[in-house]
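Since the structure comes first, as structure tokens, the remarks are kept for the end.
Residue numbers (my numbering), protein chains in the order written: chain A, 1 to 294; chain B, 1001 to 1330.
Laid out in structure tokens, this is it:
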């Protein structure tokens, strides 16, 4: 039965006539061929990046695809080519603080929007969706002016501090998750005389962990991958660059060193990939909840 | 987790005196206000105020150093009559939005349909398909400029095996946008995962009944799959359009790297390289606001972006409403 496809299994299984078995085999073959082809196309770029990262300067400029000498020390050299440790620390500061502040501010909002009933709740939920969809460039100018008045342009604080006031996408994601927890859990806790804060901390946070974890992961990832924000606020102040901003200008300084550029690219991608392998389930669940549940 | 709560005897809730209930009602409102406070402040400070301020700025001359001075409709008139690059940037944004949306939805659907029918190794394939979507956009753009390098890049060498002379990709005005669209396909994992989840929700009996009736694969796809996942399809299309309108990072980085310069250091000569073919509307807005400091003018551009994205946002919100996203599941 290995060759039957998921949808065609009939309740009564008789030995299929030879031509049916043959066409099933063909469709099995076709499906796997397409899957393998896509997989190769998706993985190949990563393989080429990894291979180029350990080539010599000269070889990286040739059409060779396989390193003749494996220059693992490129990964050391690249730290001398640019202050990557500083940029790494800046990226980490941005991502960790943003995520922490987001959780502090957005979990209670998501709770009030999913676990309590009050007038205006749905209206405010729509403001979250609209804010989430609004292109950042639309409102960037007055916000920039605001931070310039506070003399905080040139730093990462204009990107970190707003998380104190709720992040729209995180609120949306967590609200969508928390609302699936049956209300009876909250109701029985209320009957027992628990306050809403107690219910939030002792019932909903433990039960809503997968949704909260997914929101935290995406918050971290969005900050880590962000280019527009750090470019806008720290572009002129190299000491506060994040890895994204630094990587974008790395190649202009090291023109003929594709090997080092690719080594830097690997180093920027690595934390994200490691994070994914440790928390694959949360990522996938989070994406499903961010899409409309049909 | 209810152990803590069970310590309290729950009899009080049955017949609570009215005075106490009223006090509880006020306390409840205060709790809601306290929980909602971050968002109420955030919404005002980072959305409502900036939206109004952008509108006000759009009627002024403003360079960040001096106070804004009233300019009437001048910014809007210039925008639609004299800006040399406005229509180029709009055209590029529309091109990229359409190409990436169509590409991702069609490709995502094909990939998801394949994945849903594979039994063994489906998890591995899903991981591989999704992984590139996580790559930082700057890193992915840089990688693609390397992969699509006209002379030494692996892609053109692969084409060379078949005797095909590969294009100049990011260095050719005609091929730069298609190159970005290919990059968009590589990072389409999110849509694949969303489609896959939707396909797995379609009841299998529908297919069994249809195949008993003799419907072939394509007929089943058209009359069962597409209607069943149409809310998810709409969501994917509209949210992809809204993302497309913001297209910025990949175009900035790919253009800068392919031209051998850097956008960060303030040199904007190569913005939209080659020959403005990758200059998107948000890039032009950014350039006007934060490099030229034409903040009043850029605010007028922002209002245009606001209006266009607003239309799609309304469509999406309505769609979510009819899909019951604002309601509780019980």
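Every residue gets a Cβ at the ideal spot worked out from N, C-alpha and C, and that includes glycine.
Residue i, enclosing alpha helix (DSSP H) - first and last residue
| i | result |
| --- | --- |
| residue 40 of chain A | 18-53 |
| residue 1095 of chain B | 1086-1117 |
| residue 1284 of chain B | 1281-1286 |
| residue 120 of chain A | Element bounds for residue 120 of chain A: n/a, residue is neither H nor E. |
| residue 1295 of chain B | 1295-1322 |
| residue 1154 of chain B | 1154-1161 |
| residue 258 of chain A | 258-278 |
| residue 1125 of chain B | 1122-1134 |
| residue 1184 of chain B | 1176-1186 |
| residue 116 of chain A | First-last for residue 116 of chain A: undefined, no H or E at that position. |
| residue 231 of chain A | 228-234 |
| residue 1049 of chain B | 1049-1057 |
| residue 160 of chain A | 157-160 |
| residue 1046 of chain B | Note, residue 1046 of chain B: premise wrong, no alpha helix (DSSP H); not H, not E. |
| residue 1197 of chain B | 1189-1201 |
| residue 211 of chain A | 209-225 |
| residue 175 of chain A | 168-178 |
| residue 188 of chain A | 183-191 |
| residue 56 of chain A | Looking at the DSSP string, residue 56 of chain A is not in any alpha helix (DSSP H), and its letter there is neither H nor E. |
| residue 1076 of chain B | 1074-1081 |
| residue 243 of chain A | 243-253 |
| residue 194 of chain A | Note, residue 194 of chain A: premise wrong, no alpha helix (DSSP H); not H, not E. |
| residue 142 of chain A | 136-149 |
| residue 69 of chain A | Premise fails: residue 69 of chain A is in no alpha helix (DSSP H) and is neither H nor E. |
| residue 165 of chain A | From DSSP, residue 165 of chain A is part of no alpha helix (DSSP H); its letter is neither H nor E. |
Nearest neighbour of residue i, chosen from the options [CA to CA]
| i | options | result |
| --- | --- | --- |
| residue 1290 of chain B | B/1062, B/1028, B/1029 | B/1062 |
| residue 40 of chain A | B/1314, B/1198, B/1130 | B/1130 |
| residue 106 of chain A | B/1121, B/1043, B/1140, B/1149 | B/1043 |
| residue 1095 of chain B | B/1177, B/1312, B/1237 | B/1177 |
| residue 1144 of chain B | B/1179, B/1114, B/1293 | B/1179 |
| residue 119 of chain A | B/1161, B/1029, B/1276, B/1194 | B/1029 |
| residue 43 of chain A | B/1133, B/1236, B/1083, B/1253 | B/1133 |
| residue 1296 of chain B | B/1097, B/1204, B/1221, B/1076 | B/1076 |
| residue 1275 of chain B | B/1079, B/1322, B/1174 | B/1174 |
| residue 288 of chain A | B/1119, B/1099, B/1065, B/1190 | B/1190 |
| residue 60 of chain A | B/1149, B/1193, B/1037 | B/1149 |
| residue 1170 of chain B | B/1146, B/1237, B/1139 | B/1146 |
| residue 103 of chain A | B/1280, B/1200, B/1038, B/1226 | B/1038 |
| residue 1280 of chain B | B/1246, B/1308, B/1303 | B/1246 |
Reduced DSSP secondary structure (H/G/I, E/B, other) of residue i
| i | result |
| --- | --- |
| residue 1062 of chain B | coil |
| residue 1069 of chain B | strand |
| residue 3 of chain A | Here residue 3 of chain A scores only 39 on pLDDT, less than 50, and its place in the model should not be relied on; the value that follows carries that caveat. Coil. |
| residue 1208 of chain B | helix |
| residue 1216 of chain B | coil |
| residue 293 of chain A | Only weak support is given to the placement of residue 293 of chain A: the predicted model assigns it a pLDDT of 44, under 50, and the value that follows is read from those uncertain coordinates. Coil at residue 293 of chain A, not helix or strand. |
| residue 1258 of chain B | helix |
| residue 1227 of chain B | helix |
| residue 86 of chain A | helix |
| residue 1148 of chain B | coil |
| residue 1165 of chain B | coil |
| residue 1241 of chain B | helix |
| residue 201 of chain A | helix |
| residue 9 of chain A | Residue confidence for residue 9 of chain A is low, a pLDDT of 45 falling below 50, so the modelled location carries little weight; the figure read from the coordinates is stated next. Residue 9 of chain A falls in the coil class under three-state DSSP. |
| residue 238 of chain A | helix |
| residue 1006 of chain B | For residue 1006 of chain B, the predicted model reports a pLDDT of 36, less than 50, meaning its position is unreliable; a value from the coordinates is still stated below. Helix, per DSSP. |
| residue 1273 of chain B | coil |
| residue 1033 of chain B | helix |
| residue 1246 of chain B | coil |
Partner residues on chain C for residue i, Cβ-Cβ distance less than 7 Å
| i | result |
| --- | --- |
| residue 251 of chain A | Of the protein chains in the structure, A and B, none is chain C. |
Touch check for the segment 241-250 of chain A and the segment 261-271 of chain A: three-plus C-beta pairs under 8 Å?
-> In this structure the segment 241-250 of chain A touches the segment 261-271 of chain A; the number of beta carbon pairs closer than 8 Å is three or more.
Just by C-beta distance, which residues in the segment 1035-1048 of chain B are closer than 7 Å to chain A?
-> Residues 1035, 1036, 1038, 1039, 1041, 1042, 1043, 1045, 1046, 1047.
What are the residues of the segment 64-85 of chain A that lie near chain B, defined by any Cβ-Cβ distance shorter than 8 Å?
-> Here the close residues are 65.
Three or more C-beta pairs closer than 8 Å, one from the segment 1099-1109 of chain B and one from the segment 1177-1194 of chain B: is that the case here?
-> Output reads yes: the segment 1177-1194 of chain B touches the segment 1099-1109 of chain B.
Examine the Cβ distances between the segment 1052-1071 of chain B and the segment 1145-1157 of chain B and report whether three or more of them are shorter than 8 Å.
-> Counting C-beta pairs closer than 8 Å gives fewer than three between the segment 1052-1071 of chain B and the segment 1145-1157 of chain B, which falls short of the contact rule.
Members of the segment 1174-1190 of chain B that neighbour chain A once the beta carbon cut-off is set at 7 Å | Hits within the stretch, in order: 1186, 1190.
Members of the segment 214-237 of chain A near chain B, C-beta cut-off 8 Å = Listed by position along the chain: 221, 224, 225, 227, 228, 231, 232, 235, 236.
Does the segment 31-50 of chain A come within contact of the segment 220-227 of chain A, defined as at least 3 CB pairs closer than 8 Å?
-> No, because fewer than three Cβ pairs between the segment 31-50 of chain A and the segment 220-227 of chain A fall closer than 8 Å, the two stretches do not touch.
Listed in chain order, which residues of the segment 1154-1169 of chain B have Cβ atoms closer than 7 Å to some Cβ of chain A?
-> Those residues of the segment 1154-1169 of chain B that come within reach of chain A (Cβ to Cβ, closer than 7 Å) are 1154, 1157.
Listed from N- to C-terminal order along the chain, which residues in the segment 132-148 of chain A have their beta-carbon within a distance smaller than 9 Å of any beta-carbon of chain B?
-> Hits within the stretch, in order: 133, 134, 135, 136, 137, 138, 139, 140, 141, 142, 143, 144, 145, 146, 148.
Can you find at least 3 beta carbon pairs, one from the segment 1213-1221 of chain B and one from the segment 1082-1100 of chain B, that sit closer than 8 Å?
-> Contact between the segment 1213-1221 of chain B and the segment 1082-1100 of chain B is absent, because fewer than three Cβ pairs lie under 8 Å.
Residues within the segment 1298-1309 of chain B neighbouring chain A, beta-carbon criterion of under 7 Å = Listed by position, the residues of the segment 1298-1309 of chain B near chain A (Cβ gap below 7 Å) are 1298, 1299, 1302, 1305, 1306, 1309.
Quick one: which residues of the segment 1220-1231 of chain B get their C-beta closer than 9 Å to a C-beta of chain A? List them in chain order.
-> Those would be 1220, 1228, 1229, 1230, 1231, in chain order.
Residues within the segment 1049-1078 of chain B neighbouring chain A, beta-carbon criterion of under 9 Å = Per Cβ criterion, the list reads 1049, 1050, 1051, 1052, 1053, 1054, 1056, 1057, 1062, 1064.
Chain A contacts from the segment 1284-1295 of chain B (Cβ-Cβ distance under 8 Å) | Look at the segment 1284-1295 of chain B: the residues with a C-beta under 8 Å from a C-beta of chain A are 1285, 1286, 1289, 1290, 1295.
What residues in the segment 116-131 of chain A have a beta carbon less than 9 Å from any beta carbon of chain B?
-> Residues are counted here when their Cβ sits less than 9 Å from a Cβ of chain B; for the segment 116-131 of chain A these are 116, 117, 118, 121, 122, 124, 125, 126, 127, 128, 129, 130, 131, given in chain order.
Listed in chain order, which residues of the segment 1084-1097 of chain B have Cβ atoms closer than 9 Å to some Cβ of chain A?
-> Per Cβ criterion, the list is empty.
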